[in-house]
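Report on the structure given below.
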Amino acid sequence: SLRRLRLEASPQARGKATVSRRLAPLGPPEVLFPGIQPLLADMSALPRLEEVAFDFLTDDVLAGLRALRAAGSPEEDDERLRPKKVILSGVKSLLEDPEIALATVLGKLGANLQEFALLVETEMEMRPFLSGFLHTRIGALPNVWQGRRALQALTLNWTAFDDDGVRSIAEHCPQLHTLLLDRSEYWTDVVADIIVEMLPQLRRFRMRSSAMLSDRCLYILMEVAHRFSMLEIEPSFSMSSYAMDQLKQRISPGVSDFDGGSSSILIPSRGSFFGFGGGSAAGPLAAIEAAADALDPYLGEGIQQAAGAGGMLRLLEPEQDVDVDPWGVLALPSRRPRLEIGR
Numbered sequence: 001s002l003r004r005l006r007l008e009a010s011p012q013a014r015g016k017a018t019v020s021r022r023l024a025p026l027g028p029p030e031v032l033f034p035g036i037q038p039l040l041a042d043m044s045a046l047p048r049l050e051e052v053a054f055d056f057l058t059d060d061v062l063a064g065l066r067a068l069r070a071a072g073s074p075e076e077d078d079e080r081l082r083p084k085k086v087i088l089s090g091v092k093s094l095l096e097d098p099e100i101a102l103a104t105v106l107g108k109l110g111a112n113l114q115e116f117a118l119l120v121e122t123e124m125e126m127r128p129f130l131s132g133f134l135h136t137r138i139g140a141l142p143n144v145w146q147g148r149r150a151l152q153a154l155t156l157n158w159t160a161f162d163d164d165g166v167r168s169i170a171e172h173c174p175q176l177h178t179l180l181l182d183r184s185e186y187w188t189d190v191v192a193d194i195i196v197e198m199l200p201q202l203r204r205f206r207m208r209s210s211a212m213l214s215d216r217c218l219y220i221l222m223e224v225a226h227r228f229s230m231l232e233i234e235p236s237f238s239m240s241s242y243a244m245d246q247l248k249q250r251i252s253p254g255v256s257d258f259d260g261g262s263s264s265i266l267i268p269s270r271g272s273f274f275g276f277g278g279g280s281a282a283g284p285l286a287a288i289e290a291a292a293d294a295l296d297p298y299l300g301e302g303i304q305q306a307a308g309a310g311g312m313l314r315l316l317e318p319e320q321d322v323d324v325d326p327w328g329v330l331a332l333p334s335r336r337p338r339l340e341i342g343r
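FYI, this note's numbering numbers position 332 of the sequence shown as 332, with every residue one higher than the one before it.
Pasting the structure below:
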């Protein structure tokens, strides 16, 4: 029986104008109501399905999911999505409310879910207008995260949780080893306390810039730097280079500069990496290449192997300054009619 199902755009094709990101909705008699795309919901009929990757999430697909019974209902064994790993992505123009999409999808997934990613992409032509735009502030969502103790990896790039929102995730998902949240504009230094005290198994963590984050956050993370295989930080205005250097030394103790100078190594469109524990100074480029390859674009698989006995600190660039955005989507151009006559 089917265990892995992937319906996705290839990394090379993602962002190209030739890639359509919408599956045509159906109408009666195939579905009860018109305008529904039931493909994702129909995967509930595959009881042994363990992994799903789906790059065509739209409001039509969500309408199909809403027809399923919610996880935890008495009929849950008959209708639910059971995969352990779910990676979803879609285009913002086809998702009216990504926050509601998050709640809808998680409400239809079983309690055995271990890895989850929801990535909302923005059309390239809209990116200049959304630069610096604050997303809706989201607080605690206990109804969304309850029953998720099995969850080990979570990646979200749209939902902007505040401190209470992060605390709610930590309370209900204590087994997390990977937490990548790309919207941190409402975070304060309290988030570092939450990470340190409530997620002892966390190995990969991402923190974007916030006006309310300071050196105190770095010093708190410094206390448990030995836990991290990969720590990704976009420096905030109130963070000093001195505190960042101290964190670098804690996360990669005993690692000397590769070139006798600064150990900051810039990888175009990937960021700066500090430290490769267990690696050899004689082959820094090989270590960098291995680390870059280990950066799974969704959940960061392979980080532990790349980091070896030590850890890595990755300095992220501000989103508006990144030239190559792997999640940027070009708008589809208007089609021109063309007539081709065969022989």
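Beta carbons are placed, not taken as given, at the ideal position from N, Cα and C, and that holds for glycine.
What did DSSP end up calling residue i once you bin it into helix, strand or coil?
i           : result
residue 178 : strand
residue 311 : coil
residue 123 : strand
residue 108 : coil
residue 103 : helix
residue 201 : coil
residue 74  : Caution is warranted here: a pLDDT of 45 is assigned to residue 74, below 50, making its placement in the model unreliable, and no coordinate value can be reported.
residue 84  : coil
residue 351 : Outside the modelled stretch of the chain, which goes from 1 to 343, sits residue 351, for which no answer is possible.
residue 230 : strand
residue 45  : helix
residue 67  : coil
residue 322 : With a pLDDT of only 36 at residue 322, under the threshold of 50, the placement of this residue in the model should not be trusted, and no figure is reported.
residue 211 : coil
residue 137 : strand
residue 91  : strand
residue 26  : strand
residue 62  : helix
residue 288 : Any reading at residue 288 needs caution, since the residue's pLDDT is 37, under 50, leaving its predicted position unreliable; the model's value is listed next. Correct three-state label for residue 288: helix.
residue 206 : strand
residue 218 : helix
residue 39  : helix
For the alpha helix (DSSP H) that residue i lies in, which residues bound it at each end?
i           : result
residue 127 : 127–130
residue 244 : 241–251
residue 171 : 163–172
residue 144 : 142–145
Please confirm whether any heavy atom of the ligand ATP lies closer than 6 Å to the CB of residue i.
i           : result
residue 188 : Inclusion of the ligand ATP in the displayed structure is not the case, the ligand content being empty and no account of it being possible.
How would you write the range of the beta strand (DSSP E) that residue i sits in, first residue to last?
i           : result
residue 153 : 153–156
residue 148 : Taken as a continuous stretch (DSSP letters only), residue 148 belongs to no beta strand (DSSP E), as it is neither H nor E.
residue 52  : 51–54
Any C-beta of chain E sitting closer than 7 Å to the C-beta of residue i?
i           : result
residue 190 : Protein chains in the displayed structure number just one, and chain E is not present.
Count the other CB atoms, across all protein chains shown, that sit within 10 Å of the CB of residue i; report buried if there are 16 or more and exposed otherwise.
i           : result
residue 172 : buried
residue 170 : buried
residue 25  : buried
residue 129 : exposed
residue 97  : exposed
residue 226 : exposed
residue 318 : exposed
residue 240 : exposed
residue 29  : exposed
residue 60  : buried
residue 73  : The predicted model places residue 73 with a pLDDT of 49, which falls under 50 and marks its position as unreliable; any figure quoted below should be read in that light. Exposed.
residue 354 : The structure shown has nothing for residue 354, since the chain only spans 1 to 343.
residue 250 : buried
residue 194 : buried
residue 1   : exposed
residue 142 : exposed
residue 243 : buried
residue 298 : A caution first: residue 298 carries a pLDDT of 44, below 50, which makes its placement in the model unreliable, though a value can still be read off. It counts as buried.
residue 116 : buried
Can the beta-carbon of residue i be found less than 7 Å from the beta-carbon of residue j?
i           : j           : result
residue 316 : residue 185 : no
residue 151 : residue 113 : yes
residue 177 : residue 201 : yes
residue 118 : residue 156 : yes
residue 164 : residue 140 : yes
residue 205 : residue 179 : yes
residue 245 : residue 217 : no
residue 41  : residue 23  : no
residue 84  : residue 123 : no
residue 121 : residue 166 : no
residue 192 : residue 154 : no
residue 45  : residue 6   : no
residue 144 : residue 103 : yes
residue 38  : residue 27  : no
residue 314 : residue 232 : yes
residue 43  : residue 68  : no
residue 48  : residue 3   : yes
Assuming residue i contacts residue j (C-beta within less than 8 Å), just tell me the rounded distance between them.
i           : j           : result
residue 236 : residue 211 : 7 Å
residue 21  : residue 94  : 7 Å
residue 183 : residue 159 : 6 Å
residue 207 : residue 311 : About 15 Å; that fails the 8 Å criterion.
residue 55  : residue 8   : 4 Å
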